[in-house]
Each structure stands twice: as structure tokens, then as C-alpha cells.
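Residue numbers (full-length UniProt numbering), protein chains in the order written: chain Y, 1 to 210; chain D, 1 to 210.
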């Protein structure tokens, strides 16, 4: 097993944190996004969507998309569980992870890609070129603020995003917060005290440096 | 277990088809979207995101988001498997389902919600109001066309979206094609012969009437 990743890619970081939480060590292969290495023939043969990360199995199978890579690792290395143990827990982790991904992570990504001067004509990662839409970048920022408020409400009720214990939903939420602060200058406002309390607890885990 | 759904909702249809493929019968509770019943206090107590479908368990737990509802049903009723059996198969089904969802289904939804006159100020489903962005509706249509072409390529190589057998990835793809034809007047072009061949095979399954 090898993980094709980029040090600066927040999606790659989501997988590196998951791997560190499992106590695993999967060999990393760096893809230089700055040099456009994701568009090379060699990388396209591994992942035709030309995005990182990709988990490459021994038999040549390439697994893309963060929650899917997580699922494969959890199936093959169940302990400690990061995607829930009972059917109900699995559903609740998946539901909160989905919300963190769609309302948080993907929304920050839209805000970045529809505004960054270096991504003109490349507003969506992948094999196709799309023009940026500045109004979408603006709307996405508003949506990120609503995401902060909604997750602050949630974390007033539970210690972790999906409930009583740390899960993959916390990984996506934490990486989203760091990504928003760094890439679109949207740190969590001080008034969201539950979200900030949760951030302090979770960001101190050693896996977060991965 | 009860499924809160709407007859006209393509996301609800994805779950109804899955349930029919399992040979299950889960009691349905209709939510009248035309009357705005999803915004009622009663429904918000079930799903604060105010979207359908929601699977309500006996203990009151509410499970939202289509792939999550599927996951819960598959965990509790494994046969026939629709999300894969081995770790690798599970990953491949999840990966192709994710692509059908993000590149296909969600993209058609963006095209609809950012243009429909009846959805002014409601461009994203859920508890928050967002203005429509007509340019996003246009860009999304272009993306749906690329999705058709990419999945036509894929289905030239394999009988079903995720590989050798029918899975949840086929359900999302089929519902996406029907949704695109009906809601944004984008039927699959004749030149995409593999995608059309696949559509004819899959749409004849009895579950598709669900």
C-alpha cells in the first residue's frame, strides 16, 4: 500500500491524520502540485481524476476520495474504530462527516478555487477546465460562516462532532477550520465558544501534526 | 423504522430503489415539499437540515443523507449486498458512488436550484437561505455533459458503474440521468452508446419504479 499525497493538500492531510490515529505507517509518495505533476501521464495512469490523495494497493487498484480511502483502511485495520462500531454509530459518524465535508470542507474549497488568481480556468479540481465564478466564492464564504454557527450549536451538546467519541467527523471538521483560517482568512469567531473549546481539545492530538 | 420522503424528490427515490432492491418494505411517511412541510416544527424536530429523505429509527434516532441511510440499511440487512462485499469492493463501490453523486447528482441539483424561478433565495436546500447564481447553473450544465462523457467511457469497460455487478453506484447514476433529462432538459446524447446501453439494462429492473 502507498499513499500518493501532497504536503500542502488539506485532503491529503485528512488521510495522513486518519493513518496516524490508527498507528499505521503507510509509505508516502509526494505529488508536486505546484509543478502540475497531478496532470502527468504517470499520475493519470494511477488516478484519472488527477487529484490527491490516492491510495494504491499492491495489486494496482487505485482508491480515490478521502472518505473512501478511510473506509478501506478501517475495513482492513479496524482498531481503533474511527468510523463507528455499531450500525447506528457508523451511520451517525457518516452523517456528521458528510455534513462537515459538504457544508464545511467542500465549501471552503469552492471559496478558494473560484477566487485564487493562480486557479483561473481551473475552478474545479479534476480532468475538466471550468471558469471561476466570483459570486460563488462570496456565497461560499457566507456558507462557511453558517457552518461554523451550526457546528458550534452541535458541539454545545456533544464533546465530539459525531457524539461521545473522537471520529473521522472530527478530522474533517478540524482540517476544514484550519483550511478556512489559512486559505480564505476566516478563523472561527470568538463567540463560537463550543466550537473553539472542541478545537483546542482536538488540535492537541499528536495525529494532527501528520 | 420509517422513511420520511417525498414522491417527487430524486434523493428520496434513491433510497426507495435501494429498499426495493433489498426486498424490504419500510413504511413511508410523505413530506409535502410543495406546501413547505419540510420547514414545519414537526419535521425540523426529526431533521434540522429540513431535507428529505430521513430514516427514523425506533429509538428516535434520525439518519439523514442518502449514502448514510444506505449504509445503515446495508449494515442491518446485508443481503443482497449493494455496497460491496470485500474491503476492496466496498471501496470501489463507494468511490464510484461518490463520483456519481458529486459530479453527477449534486451538479444537476446545482443547475436546477440556481435557475428555477420557484427557488429564488433558496439556491441550497437546508436551513439557510442563499441567492441563486445563474452562472453556476450554466457551469453546472457543462459539468453534467462532462459527467455523461466520463461515465460513457467508464461503461465501455465495465457492465456496471462500479464493476461486474449492480450496486448503489448504479442507483445514483440512473437517478441522475432521469433527473437531468426531466429537470434541466439534458437527456444523454445518442453518441454515448455505452451509457445508453447501460441505462436500458438498469432501468428495466423492477426496483426502478419505486
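Glycine included, C-beta positions come from ideal geometry on N, C-alpha and C.
Shorter than 9 Å from the beta carbon of residue i to some beta carbon of chain D?
i: residue 146(Y); result: yes
i: residue 68(Y); result: yes
i: residue 133(Y); result: yes
i: residue 124(Y); result: yes
i: residue 1(Y); result: no
i: residue 199(Y); result: no
i: residue 64(Y); result: yes
i: residue 87(Y); result: yes
i: residue 103(Y); result: yes
i: residue 157(Y); result: no
i: residue 76(Y); result: yes
i: residue 49(Y); result: yes
i: residue 43(Y); result: no
i: residue 142(Y); result: yes
For the candidate residues the options, whose alpha-carbon lies nearest to that of residue i?
i: residue 133(Y); options: 12(Y), 58(Y) and 109(Y); result: 109(Y)
i: residue 83(Y); options: 163(Y), 177(Y) and 1(Y); result: 163(Y)
i: residue 122(Y); options: 121(D), 112(D), 122(D) and 143(D); result: 143(D)
i: residue 219(Y); options: 154(D), 185(D), 195(D) and 188(D); result: No answer is possible for residue 219(Y): the residues shown for chain Y start at 1 and end at 210.
i: residue 75(Y); options: 54(Y), 45(Y) and 22(Y); result: 22(Y)
i: residue 170(D); options: 139(D), 152(D) and 119(D); result: 152(D)
i: residue 204(D); options: 64(D), 174(D) and 1(D); result: 174(D)
i: residue 180(D); options: 59(D), 190(D), 112(D) and 88(D); result: 112(D)
i: residue 196(D); options: 40(D), 119(D), 130(D) and 178(D); result: 178(D)
i: residue 166(Y); options: 80(Y), 139(Y), 3(Y) and 191(Y); result: 80(Y)
i: residue 193(D); options: 183(D), 157(D), 176(D) and 58(D); result: 157(D)
i: residue 60(Y); options: 43(D), 51(D), 88(D) and 42(D); result: 88(D)
i: residue 8(Y); options: 190(Y), 44(Y) and 183(Y); result: 183(Y)
i: residue 30(D); options: 44(D), 41(D) and 52(D); result: 52(D)
For a cutoff of 9 Å on Cβ pairs, would you count residue i as touching chain Y?
i: residue 217(D); result: In the structure as shown, chain D begins at 1 and stops at 210. Residue 217(D) is therefore absent and cannot be evaluated.
i: residue 10(D); result: no
i: residue 23(D); result: no
i: residue 90(D); result: yes
i: residue 95(D); result: yes
i: residue 99(D); result: yes
i: residue 136(D); result: yes
i: residue 61(D); result: yes
i: residue 195(D); result: no
i: residue 39(D); result: no
i: residue 127(D); result: yes
i: residue 82(D); result: no
i: residue 57(D); result: yes
i: residue 139(D); result: yes
i: residue 71(D); result: yes
Cutting at 7 Å between CB atoms, please list the residues of its own chain near residue i, excluding the five before and the five after it.
i: residue 269(D); result: Absent from the structure is residue 269(D), since the part of chain D shown begins at 1 and ends at 210.
i: residue 136(D); result: 110 and 114
i: residue 188(Y); result: 148, 177, 195, 196 and 199
i: residue 100(D); result: 161, 169, 172, 173 and 176
i: residue 44(D); result: 50
Step through the CB atoms of chain C and report whether any lies within less than 9 Å of the CB of residue i.
i: residue 150(Y); result: Looking for chain C here will not work: the only protein chains present are Y and D.
Can you tell me whether residue i sits near the ligand GDP, meaning its C-beta is under 8 Å from at least one heavy atom of the ligand?
i: residue 101(Y); result: With respect to the ligand GDP, the structure shown offers nothing to examine, as it has no ligands at all.
Spatial neighbours of residue i within its chain, please: CB distance less than 8 Å, with the 5 preceding and 5 following residues excluded, ordered by chain position.
i: residue 24(Y); result: 73 and 77
i: residue 247(D); result: Look at the range of chain D in this structure, 1 to 210, and you will see that residue 247(D) is not part of it.
i: residue 141(D); result: 111, 184 and 186
i: residue 190(D); result: 196
i: residue 58(D); result: 1
Identify, in the order they occur along the chain, each residue of the same chain with its Cβ nearer than 6 Å to the Cβ of residue i, setting aside the five sequence neighbours on each side.
i: residue 16(Y); result: 210
i: residue 62(D); result: 46, 47, 54 and 56
i: residue 20(Y); result: 207 and 210
i: residue 119(D); result: 113
i: residue 161(Y); result: 96, 169, 170 and 173
i: residue 26(D); result: 1, 3 and 19
i: residue 130(Y); result: 123 and 124
Practice task
Taking 8 Å as the threshold, find out whether the region 118-126 of chain D comes into contact with the region 194-201 of chain D through three or more Cβ pairs.
Solution key: In short, these stretches do not touch, since the Cβ pair count stays below three.
Exercise for the section: Please confirm if the region 8-25 of chain D is in contact with the region 32-40 of chain Y, defined as three or more CB-CB distances below 8 Å between the two stretches. Expected result: Between the region 8-25 of chain D and the region 32-40 of chain Y, the count of C-beta pairs closer than 8 Å stays below three; the two stretches do not touch.
Exercise for the section: Determine contact between the region 76-94 of chain Y and the region 66-77 of chain D, defined as no fewer than three beta-carbon pairs at a distance below 8 Å. Expected result: yes
Exercise for the section: Within the UniProt domain "GST N-terminal" (1-81) of chain D, note down every full alpha helix (DSSP H) run reaching 4 residues or more, in order along the chain. Expected result: 10-22, 41-46 and 66-76
Practice task
Could you tell me whether the region 99-109 of chain Y touches the region 135-149 of chain Y, where touching means 3 or more Cβ pairs closer than 8 Å?
Solution key: yes
Practice task
Output the residue ranges of the alpha helix (DSSP H) runs that lie fully inside the UniProt domain "GST C-terminal" (86-210) of chain Y and measure 4 residues or longer, sorted by chain position.
Solution key: 87-99, 106-113, 134-157, 168-183 and 193-203
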